[in-house]
Amino acid sequence: MSESAHAPRILVVEDEYLLAEDLAETLAGLGVCVLGPVGALDEALELLDTLLTTDGGLDGAVLDVNLRGQMVFPLADALAARRVPYVFATGYGPEVLPERYRSAPLLQKPIQPRLLLSLLIGVHVLQ
Amino acid sequence: MNGHPSLESPADETARLRDEMEQLRTALEGAVEDNIRLVEDRDRLRGRVTMLARELQAANAAYAAAAAPRDAPQPDILARAETLSQSEEELRVAFEELQVLTEELEATNATLHSANRDLDAKVAERTREIASANAALRISETSFRAIADVVPDLLWRADNTGQITWCNSRWYDYTGQGLQAALDAGWINALHPDDRDPTRAAWTAAVNSGETFQRQYRIRHRSGDHRWFLARAEPLNDGRGRVSQWFGAITDVHELIQLQDRQAVLLAELRHRTRNLMAVVETVIRKTLASSKDIPEARGRIEERFGSLARVQGLLSRRPTGGRVSFDALLSDELAAHVPLTDDPATSQVSLEGPAGIELRSTHVQTLALALHELTTNAVKYGALAHPGGRLTVGWVVREVAAGERRLVVNWRETGVPDMPPANPDTARGGGYGRQLIERALPYQLGATTAFGFADDGVHCTIELPLPAPDRPGEPAYV
Numbered sequence: 001m002s003e004s005a006h007a008p009r010i011l012v013v014e015d016e017y018l019l020a021e022d023l024a025e026t027l028a029g030l031g032v033c034v035l036g037p038v039g040a041l042d043e044a045l046e047l048l049d050t051l052l053t054t055d056g057g058l059d060g061a062v063l064d065v066n067l068r069g070q071m072v073f074p075l076a077d078a079l080a081a082r083r084v085p086y087v088f089a090t091g092y093g094p095e096v097l098p099e100r101y102r103s104a105p106l107l108q109k110p111i112q113p114r115l116l117l118s119l120l121i122g123v124h125v126l127q
Numbered sequence: 001m002n003g004h005p006s007l008e009s010p011a012d013e014t015a016r017l018r019d020e021m022e023q024l025r026t027a028l029e030g031a032v033e034d035n036i037r038l039v040e041d042r043d044r045l046r047g048r049v050t051m052l053a054r055e056l057q058a059a060n061a062a063y064a065a066a067a068a069p070r071d072a073p074q075p076d077i078l079a080r081a082e083t084l085s086q087s088e089e090e091l092r093v094a095f096e097e098l099q100v101l102t103e104e105l106e107a108t109n110a111t112l113h114s115a116n117r118d119l120d121a122k123v124a125e126r127t128r129e130i131a132s133a134n135a136a137l138r139i140s141e142t143s144f145r146a147i148a149d150v151v152p153d154l155l156w157r158a159d160n161t162g163q164i165t166w167c168n169s170r171w172y173d174y175t176g177q178g179l180q181a182a183l184d185a186g187w188i189n190a191l192h193p194d195d196r197d198p199t200r201a202a203w204t205a206a207v208n209s210g211e212t213f214q215r216q217y218r219i220r221h222r223s224g225d226h227r228w229f230l231a232r233a234e235p236l237n238d239g240r241g242r243v244s245q246w247f248g249a250i251t252d253v254h255e256l257i258q259l260q261d262r263q264a265v266l267l268a269e270l271r272h273r274t275r276n277l278m279a280v281v282e283t284v285i286r287k288t289l290a291s292s293k294d295i296p297e298a299r300g301r302i303e304e305r306f307g308s309l310a311r312v313q314g315l316l317s318r319r320p321t322g323g324r325v326s327f328d329a330l331l332s333d334e335l336a337a338h339v340p341l342t343d344d345p346a347t348s349q350v351s352l353e354g355p356a357g358i359e360l361r362s363t364h365v366q367t368l369a370l371a372l373h374e375l376t377t378n379a380v381k382y383g384a385l386a387h388p389g390g391r392l393t394v395g396w397v398v399r400e401v402a403a404g405e406r407r408l409v410v411n412w413r414e415t416g417v418p419d420m421p422p423a424n425p426d427t428a429r430g431g432g433y434g435r436q437l438i439e440r441a442l443p444y445q446l447g448a449t450t451a452f453g454f455a456d457d458g459v460h461c462t463i464e465l466p467l468p469a470p471d472r473p474g475e476p477a478y479v
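Going down the list, the sequences are from chains A and B. Position one of the first sequence corresponds to residue 1 (our numbering), numbered consecutively onward. Position one of the second sequence corresponds to residue 1 (our numbering), numbered consecutively onward.
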């Protein structure tokens, strides 16, 4: 990570503050430039627009599936349309995902930050 | 489903009686023909007897004329006498034949009369039987319809091509669709538009295969709402291995399906909450370890924080299905774990002032509980509840900020605390975790507005957070 030209910029979307804060801290400790965290879908969509027009761009995102009762899928679609890799994180089982999202990587909470990173950066490198 | 004697045998009985009467009618016609033939024979015979009698009369007259003038018989006269006696013999035979014929005729006439009487009696008897069978059929049909309309199910019959021929009045009561409109394939229009094509296909497949039909679909109520139903239909055999008709029942399973859905949602919610709780537990441990001087201190804090988490889980699991946790219950549960709560202001250091039963969003309960826990333990260790002269007053009110949008305003005020530290005391006391919860977690997660500060004589904290809309339809209580 330290060898790369810039620290990977990763968006954290998670509505549980303690989890969001903890994940953000851990990722930062691993050399990631954390964007967010944000806990609501509309905030996340707004932030995405801002991020994509700034210089740094966005290298990946981790998405809590259920944000205060709202499903995160519109954000996943927006990311996919811009070829930004993402990982779902959920306390639910994989059955909570609609069929067309079943092929996306899914992490069960509590998230292992290194696993998350390898998934995101791995996908990032492959693209 | 097999055999429905009350529906089918009266019709069979009627057909059998009809056959029997037909046979009797044929027999009667035969007897009448016999009688006519006998009458013709008799008339012919009478004609012949009359003719013979005349011939005999003529012959007698001729004989008398010839015999009178002469004493001795002449050969001519002898010949005539011969002829006469032959005629007499013929006449006697004819009379005998007539006699026999007449007797025969009388006998067949008697038979005919008796057969006629039998026939009349049988016709009368069969007519009575048919009338009573028809009455039984009518009663059976009436009672079938009565039963069919008593059951809560929607019942129907279809012919062997799958066209609906009958349905009970429940169908009309529920759908508002009349019998004529429902017949043939009209019933499909009462189904939810999304369910029509698959149901039609499944029904066609069942009719083609002759196998039991079973399917769930939504039917439109006359009010326009849709409810889920379970439909089942069995083919009825005609006794020769062919399907003669179908008999179907449609049962309302809407509540059951809703309960199943709700159960699935609750199960998913439980798994979610458990996993989330694990993650929160992990975070609490990490944060506490990072902010504690040593392991014993960390252990004490972890135990307290887990105690708080356990209490709030207890509150969440004890509430009735679909119920919510109220703010006063949450607050007194937390405070009572640390200080004695009494209603007597003279002895109690704690005063709670606010309405009971203000219900919280269930997703807010855990984080709010952790924040109240941090405020309480800080008060017990360093603040109002650590000093004999200290006082804690918690007041709360509900404020309507917009139509249907209510917020709970909580005012946490500690007084009578000596030696309030001059600056940034929280990092020195309690590691800043509580303050982080109030100033960052509550706004982030609950959309709350918070203020945390130090007055001269104690902590002053306000928390303003959104409440669930009262009885908002569509929002499940677990949100």
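Each residue gets a CB set at the ideal place from its N, CA and C atoms; glycine is no exception.
Within the region 270-286 of chain B, the residues whose Cβ lies closer than 8 Å to any Cβ of chain A are, in chain order, R271, H272, R273, T274, R275, N276, M278, A279, V280, E282, T283, V284 and R286. At least one beta carbon of chain A lies nearer than 8 Å to the beta carbon of A268 (chain B). The region 404-411 of chain B and the region 334-341 of chain B do not touch, with fewer than three beta-carbon pairs separated by less than 8 Å.
Of all C-beta pairs linking the region 196-215 of chain B to the region 118-137 of chain B, fewer than three are shorter than 8 Å, placing the two stretches out of contact.
The C-alpha of V93 (chain B) is placed about 17 Å away from the C-alpha of E82 (chain B). Residues of the same chain with a CB within less than 7 Å of the CB of H254 (chain B), apart from the 5 flanking positions on each side, are R227 and W228 in chain order. Between P8 (chain A) and V38 (chain A), the CB-CB gap reaches or exceeds 8 Å.
In the structure shown, the three-state DSSP call for N237 (chain B) is strand.
For A369 (chain B), the uninterrupted alpha helix (DSSP H) segment begins and ends at S362 to K381. In the three-state reduction of the DSSP assignment, P85 (chain A) falls in the coil class, being assigned neither a helical nor a strand state. At a cut-off of 8 Å, the C-beta of A448 (chain B) has no neighbouring C-beta in chain A.
For R318 (chain B), the enclosing alpha helix (DSSP H) has its first and last residue at I295 to R318. Shown here, P198 (chain B) sits in a helix according to DSSP, grouped into three states. According to the DSSP secondary-structure assignment, Q263 (chain B) is paired through a beta bridge with no residue. In its chain, beyond the 5 residues on either side, L465 and P466 have a beta carbon closer than 8 Å to the beta carbon of G447 (chain B). Under the three-state reduction of DSSP output, S326 (chain B) falls in the strand class. At least 8 Å separates the CB of T288 (chain B) from every CB of chain A. Nearest to A310 (chain B) by alpha-carbon distance, out of B:R286, B:I36 and B:L277, is B:L277.
Between V65 (chain A) and the set A:L58, A:I121 and A:V96, the nearest pair of CA atoms involves A:V96. For A15 (chain B), none of the residues of chain A pass the 8 Å Cβ criterion, the least Cβ distance being about 60 Å.
For R220 (chain B), DSSP records a beta bridge to B:H226. In summary, V151 (chain B) is exposed, with fewer than 16 beta-carbon neighbours lying within 10 Å of its beta-carbon over all protein chains present. Listed by position along chain B, the residues whose Cβ is nearer than 7 Å to that of R68 (chain A) are T363. Contact annotation for Q445 (chain B) against chain A: D15, E16, Y17 and G39 [CB-CB distance below 8 Å, chain order]. Counting only runs that start and end inside the region 21-65 of chain A, the alpha helix (DSSP H) elements of at least 4 residues fall at 41-53. For S244 (chain B), the enclosing beta strand (DSSP E) covers residues V243 to D252.
Of the candidates B:T363, B:L437, B:N35 and B:G404, B:L437 places its Cα closest to the Cα of E374 (chain B).
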